[in-house]
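A.B. asks: For the record, in the sequence shown the residue sitting at position 228 is 247 according to my numbering, with numbers rising by one throughout.
Note that beta-carbon positions come from the ideal geometry of N, C-alpha and C, so glycine has one too.
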Amino acid sequence: MILVTGGAGYIGSHTVKALLLEGRDVVVFDSLELGHRDAVLGGELVEGNLLDKDAVDAVFNKYSIDAVVHFAAYASVGDSMVSPDKYFTNNIEGGLNLVNAMREHGVGRIIFSSSAATYGEPMGVPIDESHPQNPTNPYGETKLMFEKILKWYDVAYGIKSVSLRYFNAAGADPEGKIGEDHTPEGHLIPIILQTLLGQRENVKVFGCDWDTPDGTCVRDYIHVTDLADAHLRALAALERGAETGAYNLGNGDGQSVKQMIDAAEEVTGKKVPWMAAPRRPGDPAKLVASSKKLKNELGWQPKYPDVRTIIEHAWRWHSTHPQGYAG
Ligand code: UFG
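Quick look at the structure:
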């Protein structure tokens, strides 16, 4: 049985679907504070919070857990600048409850949702795994701290882990059953698509004076289904006896905010109203992954590297679920 914390969230739910398709038994542990019951397409769902040690222990007592895929965390950069307490408590204390339960119950494998935010302002792109990690916000700091916790839990207790450092997760399940639903929404693609659905007046482009080809920020957008696939590969690697490690998860291809707006217009056939807005604090100009290590060591290849496909799948989801899981 695979325990998936945060399996009712955006990336978690797509990974649960992929695990089920592979024939794995899955138990999702999710507080449903930010996750959605309907996002869990199968397996068991246990409603609970990682801060509740007894609830965590109960899951390990009830199910025979072979490995853990750990998504549950707060993940908003801006919010973490305002309320770091929430982030350190939830992401670190909650995470510690999880790995301590793994120790007590003899579970020795974990895949961890880390982030490109652990690198902070990059010295250059593409970023590979040996790039120094200097987070510029509490969210990234919690992800880096937990990577370090996992490193030492391997040294002392033999728990093997793979930390996957996501770049910009995007898109939705190609079959259209699950997708992205955050409240409040802060990510670029849903904001563009919600604008096209008439839910927002326009897209505010955060800075048109960056040191990039068209002046807008460059990011590496990766399809959530390709992200999910990397989790399955990382899990299989640990099962084959791989050592603890970390991988970047991106396509290695940078797209600017303006290019994303153009691509959305191409995919939907609609004009995206947008306006220039001030830079958003904490945004690096460019974040692009080197995904060589993931490709070489885990044989990962993105199935949907084209941002137009990513936007097409996201549009399928948003246009059929304009209120997300509530509608
Ligand atoms: N952007 C806009 N207008 C908007 C929203 C976003 O111009 O209304 C721009 C941002 O400035 C950025 C790009 O679009 O340049 C992408 O922004 P997102 O908010 O979609 O994503 P981020 O790159 O800020 O964040 C992502 C993950 C975080 C992670 C971060 C760094 O969502 O969890 O990458 O790794 F921390």
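Using beta-carbon positions only, say whether Glu148 and Lys314 come within less than 8 Å of one another.
C.D. replies: No, the Cβ-Cβ distance between Glu148 and Lys314 is not below 8 Å.
A.B. asks: Which class does Gly198 belong to by DSSP, given the choice of helix, strand or coil?
C.D. replies: Residue state, collapsed to three classes: coil.
A.B. asks: Indicate the three-state DSSP secondary structure (helix, strand or coil) for Phe90 in the structure shown.
C.D. replies: Coil.
A.B. asks: Should Leu183 be labelled buried (16 or more other beta-carbon atoms within 10 Å of its own) or exposed?
C.D. replies: With 16 or more other Cβ atoms within 10 Å, it is buried.
A.B. asks: Mapping the DSSP letters down to three states, classify His55 as helix, strand or coil.
C.D. replies: Residue state, collapsed to three classes: coil.
A.B. asks: Distance, Cα to Cα, Thr137 vs Asp239?
C.D. replies: Using only the alpha carbons, I get a separation of about 15 Å.
A.B. asks: Could you give the C-beta distance for Leu268 and Ala308, rounded to a whole number, given that I count them as a contact under 8 Å?
C.D. replies: The Cβ separation is near 7 Å, so the contact holds.
A.B. asks: So, are the CB atoms of Trp319 and Ala249 less than 8 Å apart?
C.D. replies: In this structure, Ala249 lies closer than 8 Å to Trp319 by Cβ.
A.B. asks: Which residues in the same chain as Gly198 place their Cβ atom closer than 6 Å to its Cβ, once the five residues preceding and following it in sequence are excluded?
C.D. replies: Cβ within range, chain order: Ala191, Trp336.
A.B. asks: Regarding Val75 and ligand 1, is the C-beta to nearest heavy atom distance less than 7 Å?
C.D. replies: No - ligand 1 has no heavy atom lying nearer than 7 Å to the Cβ of Val75.
A.B. asks: Between Val8 and the rest of its own chain, which residues show a CB-CB distance below 6 Å, the 5 nearest in sequence each way excluded?
C.D. replies: Because the chain is modelled from 20 through 346, residue 8 falls outside the range shown and cannot be assessed.
A.B. asks: Counting only the same chain and skipping the five closest in sequence on each side, list residues whose C-beta sits under 8 Å from that of Glu123.
C.D. replies: Within the same chain, Glu123 has close Cβ partners Asp76, Phe79.
A.B. asks: Please classify Ala345 as buried or exposed, where buried requires at least 16 neighbouring CB atoms within 10 angstroms.
C.D. replies: Exposed, because fewer than 16 other Cβ atoms sit within 10 Å of the Cβ of Ala345.
A.B. asks: With a 10 Å radius around its C-beta and 16 neighbouring C-beta atoms as the bar for buried, classify Arg259 as buried or exposed.
C.D. replies: Flag for Arg259 reads exposed.
A.B. asks: Give me the Cα-Cα distance between Ala261 and Asn156, rounded to the nearest whole angstrom.
C.D. replies: Cα-Cα distance, rounded: 31 Å.
A.B. asks: Could you name the residues of the same chain whose beta carbon sits closer than 6 Å to that of Ser310, not counting the 5 residues immediately before and after it, in chain order?
C.D. replies: If we look at Ser310 and ignore the five residues flanking it on each side, its Cβ neighbours are Asn267, Gly269, Gly271.
A.B. asks: For the segment 156-220, which segments carrying the alpha helix (DSSP H) assignment without a break, of at least 4 residues, lie completely within its bounds, in sequence order?
C.D. replies: Listed in chain order, the complete alpha helix (DSSP H) runs (minimum 4 residues) inside the segment 156-220 are 157-176, 207-215.
A.B. asks: Using only alpha-carbon positions, find the residue among Ile329, Glu160, Trp334 that is nearest to Met100.
C.D. replies: Residue Glu160 is the option with its Cα nearest to Met100.
A.B. asks: Measure the Cβ-Cβ separation of Trp293 and Val222 and say whether it is below 8 Å.
C.D. replies: Contact: yes.
A.B. asks: From what residue to what residue does the alpha helix (DSSP H) around Ile30 run?
C.D. replies: 29-40 is the span of the alpha helix (DSSP H), which, as asked, contains Ile30.
A.B. asks: Ligand 1 and Glu116: does any heavy atom of the ligand fall closer than 7 Å to the residue's C-beta?
C.D. replies: Here the sequence assigns Asn to residue 116, which means Glu is not the residue at that position. For ligand 1, not one heavy atom lies less than 7 Å from the Cβ of Asn116.
A.B. asks: For the segment 63-118, which segments carrying the beta strand (DSSP E) assignment without a break, of at least 3 residues, lie completely within its bounds, in sequence order?
C.D. replies: Listed in chain order, they are 63-66, 86-89.
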